[in-house]
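Note sheet for the following structure.
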Amino acid sequence: MHPAFSVIFLTTLIGAGQGLFLALYTVELYAALDLLPAPPQAFYTRGSLAALALLSLGLAASFFHLGHPERAWRAAARWRTSWLSREVIVLPALMATVAAYGLAHLLGLDWRLFGEALPLPGHVTLLVGGIGTALAFALYLCTGMIYACIRFLQEWHTPLTVINYTLLGVASGFTAATGLAALASPPHTAFLGRWAIILTLLGMATRVAALVRNARLKPKSTLQTAIGVRHSRIVQRSQGFMCGSFNTREFFHGASPAVYEGMRWAFLVLAFPLPALLLAVGLEGGGAVPLVAAFGVQYLGLLAERWFFFAQANHPQNLYYQTVG
Amino acid sequence: MTQLALVIDLNVCVGCHACVTSCKEWNTSGWAGPMADQNPYERDPTGTFFNRVQTFEVGAFPFTETVHFPKSCLHCEEPPCVPVCPTGASYKRAEDGIVLVDYDKCIGCKYCSWACPYGVRELDEHQKVMKKCTLCVDRIYDESLPEAERKPACVLACPTNARLFGDVHDPESEVSVAIRERGGYALMPEWGTKPANHYLPRRKTRIEVTEEELVRADNPLKKERKLPRPAFDEPSLDDVTSW
Ligand code: SF4
Ligand code: SF4
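These protein sequence lines are chains A and B, in that order.
All the letters of the first sequence, read from the start, carry residue numbers 1 to 325 under the working numbering.
All the letters of the second sequence, read from the start, carry residue numbers 1 to 243 under the working numbering.
Okay, here's the thing in structure tokens:
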């Protein structure tokens with residue numbers, strides 16, 4: 001498939017935004033249970049703002065993918081059958097929830113929603129955050145299923161696609177939260193940073209598992225089934241036109257083998273081991289700079305990862321578009 | 001239920017592209033149009049087509065065979081392109097099984113084209129909506145046309161009659177009989193899309209001729225003559241006289 005930059009930015013940005021929000025809520029939950037000290041209000045407000053910014057940028061990027069962005073609202077119509085439609089509903093719902101979450105922290109809302117007896121602080125934000133958490137995971141599911149549900153894109157048609165979208169998003173979000181904590185709430189840096197390392201390494205394991213799986217795939221469709229002729233040697237002599245068409249532009253990545261391989265190694269280094277190393281250095285007294293840099297490096301790596309995710313998928317329609325002649 | 005479809009006879013298709021041009025001509029000026037081209041007279045011309053004719057070579061020289069292969073939307077009975085559409089712009093008509101795109105609803109997200117294994121949907125770069133074969137839905141029901149012309153433009157244009165059109169759910173229709181009796185098959189059956197369009201295979205016409213048929217060993221004139229009989233390769237009466 002042709003990696004479209006709109007979709008690369010959409011999926012990586014919202015993935016990180018969701019992950020950042022999940023990190024904020026994790027800290028709040030731990031703090032409510034007295035497992036962590038309570039962070040200052042600025043940690044939540046700035047964090048929510050950053051998560052909202054990431055989600056909004058992703059949403060903005062998605063519009064560049066559409067031929068008719070002014071009709072985008074129509075995409076909510078078919079949520080019964082289409083994962084894309086579901087994503088279109090869940091993303092704004094999550095954005096609204098994150099905004100409400102940040103606002104509740106900003107206003108310091110402290111209604112005792114669950115009764116006076118419950119010793120937990122922050123009833124409102126815990127409730128809003130819980131809804132947001134459900135939405136964030138639902139969004140990972142929607143985004144992953146958009147790709148995983150197309151059964152003839154065999155590279156994508158695996159639960160690993162959803163798992164990777166989730167883990168890679170959560171990992172980058174926790175990395176971002178670590179950088180944020182280094183600036184806004186240093187006592188929480190170690191907690192978030194360690195989880196960021198664990199999630200990053202976990203994401204690496206599942207992403208490599210997907211690479212290994214895809215390397216062993218055998219295409220179900222062949223030229224024989226594509227044109228229905230049973231012969232071991234069939235070659236296309238003409239695809240029916242000389243220059244490009246939508247089919248030659250949309251479904252081939254068009255990059256040289258060197259670029260393709262380069263992207264694979266770039267993401268394998270930039271998205272996982274390097275940010276994990278930077279996080280470790282930052283936690284071991286390296287200060288805020290490596291912690292903030294870790295997110296930048298990991299995000300670059302995830303851009304390459306998403307490029308490769310698309311480029312690696314081999315659409316069966318390509319069988320029909322092999323030869324200009 | 002009715003399921004309109006094309007049946008394409010690969011045995012007689014000569015790869016002339018008449019269906020391609022007549023499709024473009026009809027549809028660019030009709031309900032589905034315009035089908036705009038980009039750089040039509042310059043380098044790298046490109047444009048939207050509902051139908052393409054491709055050419056494949058089967059076998060290795062000197063035992064090769066050329067297969068001309070017209071390809072358009074197959075109007076699948078289980079179309080994977082329809083449920084993925086977030087807007088409902090892509091739909092399959094209940095009354096005749098034609099898969100269509102509502103250009104006023106389509107947002108141009110291209111997701112349906114990813115979900116079609118056959119590569120027959122093309123995004124119109126001018127109108128920014130997804131386009132595909134409509135089976136000439138604006139012509140096959142048009143009562144102002146003579147009945148014989150209420151067929152898709154490609155079917156009417158084909159000089160070798162390689163394209164048949166009809167209801168594949170009616171067992172006695174021309175297309176159903178052709179599929180049944182001439183080995184009609186579907187493309188990429190492995191995905192369970194149940195394409196409505198079918199293809200008829202290339203066929204070889206061979207006849208068996210035995211030696212007896214050539215030397216006329218059973219010629220009664222030779223058998224019943226007085227001895228000595230003439231040898232089989234000598235002329236006999238019916239070889240030299242015309243009755
Ligand atoms: S051929 Fe492709 S576009 Fe046409 S109905 Fe089947 S899946 Fe959909
Ligand atoms: S491109 Fe149009 S028809 Fe295709 S899935 Fe998107 S909205 Fe539906």
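Idealized CB from N, CA, C, for every residue including glycine.
Small disclaimer: the values here were computed from a predicted structure and weren't measured.
query: Mapping DSSP to helix, strand and coil, what is B:Tyr199?
result: Against the second sequence, residue 199 of chain B aligns to sequence position 199. Correct three-state label for B:Tyr199: strand.
query: Among A:Trp79, A:Ala60, A:Leu94, A:Leu106, which has the Cα closest to the Cα of A:Phe43?
result: To locate residue 43 of chain A, count along the first sequence from 1; it is residue 43. Checked all of A:Trp79, A:Ala60, A:Leu94, A:Leu106; the closest Cα to A:Phe43 is A:Leu106.
message: In chain order, what are the residue ranges of uninterrupted beta strand (DSSP E) at least 3 long that sit wholly in the segment 132-173 of chain B?
response: 163-167
Interfacial residues, the segment 154-173 of chain B to chain A, with Cβ spacing under 7 Å: none
message: Any heavy atom of ligand 2 inside 7 Å of the beta-carbon of B:Asn62?
response: The residue you call residue 62 of chain B lines up with position 62 of the second sequence. Residue identity check: residue 62 of chain B is Pro in the sequence provided, not Asn. Flag unset: Cβ of B:Pro62 not near ligand 2.
query: If you count every other CB in all the chains shown that lies within 10 Å of the CB of B:Trp31, and 16 or more means buried, which is it?
result: Taking the second sequence and counting its residues from 1, one reaches residue 31 of chain B at position 31. When all chains shown are included, B:Trp31 counts as exposed.
task: Output yes if chain A places a C-beta closer than 8 Å to the C-beta of B:Pro152; else output no.
output: The residue you call residue 152 of chain B lines up with position 152 of the second sequence. Chain A, which has no Cβ nearer than 8 Å to the Cβ of B:Pro152, makes this no.
query: Which of the residues in the segment 82-106 of chain A, read from start to end, lie with their CB under 9 Å from any CB of chain B?
result: Ser82, Trp83, Leu84, Ser85, Arg86, Glu87, Val88
message: Tell me whether the segment 16-35 of chain B and the segment 47-58 of chain B touch, counting them as touching only if at least three CB pairs, one residue from each stretch, are closer than 8 Å.
response: yes
- prompt: Which residue's Cα is closest to the Cα of A:Gly58: A:Ile14, A:Leu91, A:Pro40, A:Thr178?
  reply: Position 58 of the first sequence, counted from the first residue, corresponds to residue 58 of chain A. Per the Cα distances, A:Ile14.
- request: For B:Ala60, go through chain A and note every residue whose CB falls closer than 7 Å to its CB, in chain order.
  value: Within the second sequence, the letter at position 60 stands for residue 60 of chain B. What B:Ala60 touches in chain A: Arg233.
field: For B:Tyr41, the three-state DSSP class (helix, strand or coil)
entry: The residue given as residue 41 of chain B occupies position 41 in the second sequence. Residue state, collapsed to three classes: coil.
query: At a CB-CB cut-off below 7 Å, which residues of chain A make contact with B:Asp9?
result: Residue 9 of chain B sits at position 9 when you count from the first residue of the second sequence. Here the premise fails: no neighbours, minimum Cβ distance about 13 Å.
- prompt: What separation, rounded to the nearest whole angstrom, lies between the Cα atoms of A:Leu303 and A:Phe267?
  reply: Counting from one through the first sequence, the residue named residue 303 of chain A turns up at place 303. Counting from one through the first sequence, the residue named residue 267 of chain A turns up at place 267. Approximately 8 Å between the Cα atoms of the pair.
field: Status (buried if at least 16 other CB within 10 Å, exposed otherwise) for A:Met1
entry: Here the question's residue 1 of chain A lines up with position 1 in the first sequence. It counts as buried.
- prompt: Quick one: does the C-beta of B:Thr193 sit closer than 7 Å to a heavy atom of ligand 1?
  reply: Numbered from its first residue, the second sequence carries residue 193 of chain B at position 193. Yes, Cβ of B:Thr193 sits closer than 7 Å to a heavy atom of ligand 1.
message: Could you give the first and the last residue of the continuous alpha helix (DSSP H) run that contains B:Val7?
response: Here the question's residue 7 of chain B lines up with position 7 in the second sequence. Segment 4-9 is the beta strand (DSSP E) holding B:Val7; no alpha helix (DSSP H) there.
The segment 54-64 of chain B touching the segment 256-263 of chain A, judged by at least three CB pairs closer than 8 Å: no
- request: Go ahead and pull the three-state DSSP assignment for A:Asn214.
  value: If you number the first sequence from 1, residue 214 of chain A lands on position 214. Note: A:Asn214 maps to helix in three-state DSSP.
- prompt: Is B:Thr48 near ligand 3, in the sense that its beta carbon is under 7 Å from a heavy atom of that ligand?
  reply: The model depicted lacks ligand 3 and carries ligand 1 and ligand 2 instead.
8 Å Cβ cutoff met for A:Val88 and A:Ala76: Counting from one through the first sequence, the residue named residue 88 of chain A turns up at place 88. Counting from one through the first sequence, the residue named residue 76 of chain A turns up at place 76. In contact: A:Val88 and A:Ala76 (Cβ atoms closer than 8 Å).
message: Within the continuous alpha helix (DSSP H) that includes A:Ser172, where are the two ends?
response: Position 172 of the first sequence, counted from the start, is the residue given in the question as residue 172 of chain A. Note, A:Ser172: alpha helix (DSSP H), 159-184.
- request: Using alpha carbons as the reference points, say which of A:Phe308, A:Arg71, A:Gln18, A:Ser221 lies closest to A:Val208.
  value: Counting from 1 along the first sequence, the entry for residue 208 of chain A is found at position 208. For A:Val208, the nearest C-alpha among the options comes from A:Phe308.
message: Relative to the C-alpha of A:Tyr25, which candidate in A:Ala210, A:Arg213, A:Val170, A:Val269 has its C-alpha closest?
response: Along the first sequence, read from residue 1 onward, the residue named residue 25 of chain A stands at position 25. Closest option to A:Tyr25, Cα to Cα, is A:Val170.
- request: Under 7 Å between beta-carbons, which chain B residues line up against A:Gly229? List them in chain order, please.
  value: As a position in the first sequence, residue 229 of chain A is number 229, starting the count at 1. Per the sequence shown, residue 229 of chain A should be read as Val rather than Gly. Within 7 Å Cβ-Cβ: Val58, Val67.
query: In chain order, what residues of the same chain lie with their CB nearer than 6 Å to the CB of A:Gly31, ignoring the 5 residues before and after it?
result: What you label residue 31 of chain A is simply residue 31 of the first sequence in a count that begins at 1. Checking the sequence shown, residue 31 of chain A turns out to be Ala, not Gly. Cβ neighbours of A:Ala31 beyond the five flanking positions: Ala38.
message: Contact between the segment 194-213 of chain A and the segment 48-65 of chain A is defined here as three or more beta-carbon pairs at a separation below 8 Å; is this criterion met?
response: no
- request: Kindly list the residues whose CB is nearer than 6 Å to the CB of A:Ala61, restricted to its own chain and excluding five residues on each side of it in sequence; keep chain order.
  value: Looking up residue 61 of chain A in the first sequence gives position 61. Contacts found: Ser6, Phe9, Leu10.
message: Is B:Lys110 near ligand 2 - that is, is its Cβ less than 7 Å away from at least one heavy atom of it?
response: The residue you call residue 110 of chain B lines up with position 110 of the second sequence. B:Lys110: yes, Cβ under 7 Å from ligand 2.
query: Helix, strand or coil: which one does DSSP assign to A:His105?
result: Locating residue 105 of chain A in the first sequence gives position 105, where the first residue counts as 1. A:His105 falls in the helix class under three-state DSSP.
query: From A:Ser99 to A:Leu36, what distance separates their C-alpha atoms?
result: In the first sequence, the residue the question calls residue 99 of chain A occupies position 99. In the first sequence, the residue the question calls residue 36 of chain A occupies position 36. According to the sequence shown, residue 99 of chain A is Ala rather than Ser. Taking the straight line joining both Cα atoms gives about 24 Å.
query: Are the C-beta of A:Ala226 and some C-beta of chain B separated by less than 8 Å?
result: Within the first sequence, the letter at position 226 stands for residue 226 of chain A. Yes, its Cβ sits closer than 8 Å to a Cβ of chain B.
- request: Output yes if chain B places a C-beta closer than 8 Å to the C-beta of A:His68; else output no.
  value: By one-based count along the first sequence, residue 68 of chain A stands at place 68. With 8 Å as the cut-off, A:His68 counts as an interface residue toward chain B.
- request: Could you tell me whether any non-hydrogen atom of ligand 1 is closer than 7 Å to the CB of B:Pro80?
  value: Position 80 of the second sequence, counting from 1, holds the residue named residue 80 of chain B. Checking every heavy atom of ligand 1 against the Cβ of B:Pro80, one is found closer than 7 Å.
message: Any heavy atom of ligand 2 inside 7 Å of the beta-carbon of A:Leu4?
response: As a working mapping, residue 4 of chain A is identified with position 4 in the first sequence. A small correction: the amino acid at residue 4 of chain A is Ala; Leu does not occupy that position in the sequence shown. Checking the Cβ of A:Ala4 against ligand 2 gives no.
- request: Just grab the DSSP bridge partners of A:Arg86 for me.
  value: Looking up residue 86 of chain A in the first sequence gives position 86. DSSP output for A:Arg86 lists no bridge partner at all.
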